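Letter by letter, the sequence shown follows residues 158 to 332 of my numbering.
Glycine included, every Cβ here is placed at the ideal spot set by N, Cα and C.
Remember, predicted model here, so these are calculated numbers, not experimental data.
A quick write-up on the structure given underneath.
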Amino acid sequence: GVYELPISTPLMEIIDEHCGGLLREGSRLKAVIPGGSSVPVLRAEECQDLPMDYDAVAERGSMLGSAAVMVMDHTTDMVKVMARLSHFYAHESCGQCTPCREGTPWLEKIFQRILRGEGRPEDLDLLESVASHMQGTTICPLADAAAMPARSFISKFRDEFEHYIQHGRSAVAAG
């Protein structure tokens, strides 16, 4: 749903009280993207006691952005989420700036390769390198919007990406 709440409303209050909590019985919070798909992801423990205001969210390493909260439970495949996000940003690039024109499809290609079970051990370092060279180098913020979630998903859920690379499948599906 769409909710408009006062600034500084606690994130967990938004999720649990205003939005009805996690939908599946027995679900556990895994992660939240607090400001729309273009901002860094937060792990569940980073969401506790977090007022939804610009400074507090920034102190946790993310941004309030549009405040479009995306909630993921323990069954969410973080590699699949990032593959979908990278596809979106590759599609949205207008192609004017080289870092975005070349970087967004490169991120998408690598995330899709990992998702297909064909990832390589060096892919995570390559993704970090590509994303870091995209940030702050273009006319509009689309390259940043693609790079920030890529870097944070890999940083905070590296074990899931490594599992895909090593086993060719999701750690979530494997249990």
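Would you kindly work out how many angstroms separate the C-alpha atoms of residue i and residue j, rounded to a whole number?
| i | j | result |
| --- | --- | --- |
| T166 | D210 | 8 Å |
| A224 | Q292 | 21 Å |
| Q269 | T294 | 24 Å |
| V329 | Y160 | 30 Å |
| P191 | I172 | 11 Å |
| F125 | V238 | Coverage of the chain is limited to positions 158 through 332, which leaves residue 125 absent and any answer about it impossible. |
| E259 | E285 | 15 Å |
| P163 | P208 | 10 Å |
| R241 | M229 | 14 Å |
| L186 | C204 | 9 Å |
| M305 | A288 | 7 Å |
| M235 | H320 | 11 Å |
| I296 | G183 | 45 Å |
| G325 | I271 | 8 Å |
| S312 | V189 | 14 Å |
| G222 | I322 | 32 Å |
In the DSSP assignment, what are the bridge partners of residue i?
| i | result |
| --- | --- |
| R200 | A188 |
| G276 | Per DSSP, none; premise fails for G276. |
| P167 | P208 |
| G193 | P191 |
Tell me, please, whether the CB atom of residue i is closer than 7 Å to any CB atom in chain C?
| i | result |
| --- | --- |
| G274 | The structure shown contains no chain C; it is built from a single protein chain. |
Hey, could you find the ends of the alpha helix (DSSP H) residue i is sitting in?
| i | result |
| --- | --- |
| V214 | Y211 to E216 |
| M239 | M235 to E249 |
Could you check where the beta strand (DSSP E) with residue i kicks off and where it finishes?
| i | result |
| --- | --- |
| G228 | With the sequence shown as reference, residue 228 is identified as Val, and Gly is not the correct amino acid for it. That run of the beta strand (DSSP E) goes M227 to D230. |
Taking 6 Å as the cut-off, is the C-beta of residue i nearer than that to any heavy atom in the ligand MN?
| i | result |
| --- | --- |
| G222 | Of the ligands one can find in the structure shown there are none, so the ligand MN has no counterpart to examine. |
For the structure I just gave you, are there three or more beta carbon pairs, one from the stretch 190 to 199 and one from the stretch 213 to 220, closer than 8 Å?
Per the Cβ contact rule, the stretch 190 to 199 is in contact with the stretch 213 to 220 (3 or more Cβ pairs under 8 Å).
Are there three or more Cβ pairs, one per stretch, closer than 8 Å when the stretch 248 to 260 is compared with the stretch 272 to 282?
No, the stretch 248 to 260 does not touch the stretch 272 to 282.
Segments assigned alpha helix (DSSP H), at least 4 residues, entirely inside the stretch 283 to 314
Within the stretch 283 to 314, the complete alpha helix (DSSP H) runs of at least 4 residues are 299 to 313.
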